[in-house]
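Engineer: Take the position in the sequence shown, starting the count at 1, then add 4; the result is the number in this note's numbering.
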Amino acid sequence: ANANNPYLEAKWLAQYDGIFRCNKAIAALQKLTGDDALRATRIAEARCLRGHFHFEAKKVWNMVPYIDETIADTRIPNDKDIWPNIEADLKAAADGLPWTQPEIGRMTKGAALGLLGKAYLFQKKYAEAKAAFDQIINSKQYSLTPKYHDNFNAVTRNNSEGVLVVQQAVNEGTEGDNGNI
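1) Taking all protein chains shown into account, decide if Arg79 is buried (16 or more other Cβ within 10 angstroms of its Cβ) or exposed.
2) Taking a contact to mean a Cβ-Cβ separation below 9 Å, would you say Leu94 touches Phe59 in this structure?
3) Return yes when the Cβ of Ala50 is within less than 9 Å of the Cβ of Trp16, no when it is not.
4) Looking at the secondary structure, which residues open and close the alpha helix (DSSP H) in which Lys128 lies?
5) Per DSSP, what kind of secondary structure is Leu12 in: helix, strand or coil?
6) Does Ala115 come out as helix, strand or coil in the three-state DSSP assignment?
7) Measure how close the beta-carbons of Ala173 and Gly100 come, nearest whole angstrom, since I'm counting them as under 8 Å.
8) Take Asn9 and list the residues in its own chain whose beta-carbon comes closer than 8 Å to its own, dropping the five residues that flank it on each side.
9) When you compare only the Cα positions, how much space is there between Ala5 and Tyr11?
10) So what does DSSP say about Leu120, is it helix, strand or coil?
11) Assign Trp87 to one of three DSSP states: helix, strand, or coil.
12) Can you tell me whether Tyr152 is helix, strand or coil according to DSSP?
13) Report the CB separation of Tyr146 from Gly109 in whole angstroms; it is logged as a contact under 8 Å.
14) Span of the alpha helix (DSSP H) holding Leu53?
15) Between Gln139 and Leu117, what straight-line distance do the alpha-carbon atoms span, to the nearest angstrom?
16) Buried or exposed for Tyr152, please, with buried defined as at least 16 other CB atoms from any protein chain shown within 10 angstroms of its CB.
Structure, rendered in structure tokens:
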């Protein structure tokens, strides 16, 4: 691909903007006092998202920098394989997240395990992938809908098949992407 391809540039910016936001959230949450359980859950959500964004970057460009909340200078080389970092974020997320959340669209243990399983598949770690997917299946948190079409109908969104459910905003009064990059 050409280095000035606007789609690749937009993909890069979206991934590393997401990583930046996750890191800012983690750093801020680590400083808070109060509800330790809620704080731990929110950090696990941010780590799940950070693992997802790094995973997306890894799939497109392979050798990319891994940036976490401890890195101040982001001018770092892309000379290390970041699969172990992605796995660590997703494992920590799976360990720290509940199977269900009170608000639709928040990361769950199932979402973290699904992303972890997918990351294992990309590395050809099939036994590890199967173990992650088996945890999702055996949790009995998800099931197929009676009608396949329900997965594509706005009226039946967020149904029992949704392991990783992303909420989008449409016609909410702003211009541009509605924050949905």
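C-beta atoms are modelled at their ideal positions from N, C-alpha and C, and glycine is treated no differently.
All of these numbers come straight from a predicted model, not from anything done at the bench.
Structural biologist: Short version:
1) exposed
2) yes
3) no
4) Careful: Lys128 lies outside any alpha helix (DSSP H) and carries neither H nor E.
5) helix
6) helix
7) Incorrect: roughly 27 Å between the Cβ atoms, too far for contact.
8) none
9) 10 Å
10) helix
11) helix
12) helix
13) Contact doesn't hold; Cβ gap of about 16 Å is too wide.
14) 40-65
15) 8 Å
16) exposed
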